[in-house]
């Protein structure tokens, strides 16, 4: 009998120890689980707070890189256009220039003609003493061009001896067109007033 009681007491002691250990384990497990959940919530909250900042930073970097590349492309495009454009003035731009003294030429552009497109030259010389005023002759010519063809590219107008006018155009065909416009002027018969001559143009250098 005494032996059974002792064994029963031992079993109870072991059971209590086991329950204590089990309780400790459960408590530790619950604490670990709670800490994991708290850590996960913290990481999620941090991600939610930092993600918009990271996304905005990435967008700014991408936009800045795109802008830089676009600016480089635009710069190259402008340079190519500058090389290709044949920079000459139309007669409307020439008309806006103030009258120059008779002993000066009137430069209308600083760009040389392209080698494959030789300049056109038209020499206009008064036949009578009543038409030796260079400024009046120049104004008359510009007015005729304005009324008939505003896209002719006049590069320069220079005073010739006796009030004559030397007209330089971007292409030879344009000087011929100016001559046709002057000959077709209906207010005056200009062929009786002016001698008009297109000198031959040598091959481009």
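Residue numbers (the numbering used here): 426 to 630.
Every residue, glycine too, gets a C-beta built ideally from N, C-alpha and C.
How many angstroms separate the CA atom of residue i from the CA atom of residue j?
i: residue 437; j: residue 474; result: 55 Å
i: residue 617; j: residue 556; result: 11 Å
i: residue 452; j: residue 442; result: 15 Å
i: residue 500; j: residue 567; result: 36 Å
i: residue 620; j: residue 505; result: 42 Å
i: residue 610; j: residue 600; result: 16 Å
i: residue 576; j: residue 596; result: 12 Å
i: residue 491; j: residue 457; result: 49 Å
i: residue 488; j: residue 470; result: 28 Å
i: residue 467; j: residue 459; result: 12 Å
i: residue 503; j: residue 496; result: 10 Å
i: residue 434; j: residue 454; result: 30 Å
i: residue 461; j: residue 440; result: 31 Å
i: residue 449; j: residue 463; result: 21 Å
i: residue 446; j: residue 477; result: 47 Å
i: residue 493; j: residue 479; result: 21 Å
What are the partner residues of residue i, as DSSP defines its beta bridges?
i: residue 551; result: 619
i: residue 583; result: 591
i: residue 445; result: None; residue 445 has no bridge partner.
i: residue 545; result: 594
Helix, strand or coil: how does DSSP classify residue i here?
i: residue 592; result: strand
i: residue 467; result: helix
i: residue 526; result: The pLDDT assigned to residue 526 is 41, lower than 50, so where the model puts this residue is not dependable, and the model offers no usable value.
i: residue 477; result: helix
i: residue 558; result: coil
i: residue 612; result: coil
Inspect the beta-carbon positions of residue i and residue j and report whether they are closer than 8 Å.
i: residue 545; j: residue 594; result: yes
i: residue 573; j: residue 606; result: yes
i: residue 547; j: residue 604; result: yes
i: residue 569; j: residue 579; result: no
i: residue 615; j: residue 608; result: yes
Which same chain residues, not among the five before or five after residue i, have their C-beta less than 6 Å away from its C-beta?
i: residue 558; result: 588
Less than 7 Å between C-beta atoms, sequence neighbours within five positions excluded: which residues of the same chain meet that for residue i?
i: residue 550; result: 585, 587, 589, 619, 620
i: residue 563; result: 582, 590
Grab me the residues of residue i's own chain with a C-beta within less than 8 Å of its C-beta, minus the 5 sequence neighbours each way, in chain order.
i: residue 532; result: Bear in mind that a pLDDT of 45 at residue 532, under 50, signals an unreliable position, so the model cannot answer this.
Does any residue of chain D bring its CB to less than 8 Å from the CB of residue i?
i: residue 431; result: Judged by its chain identifiers, the structure shown contains no chain D, having just a single protein chain.
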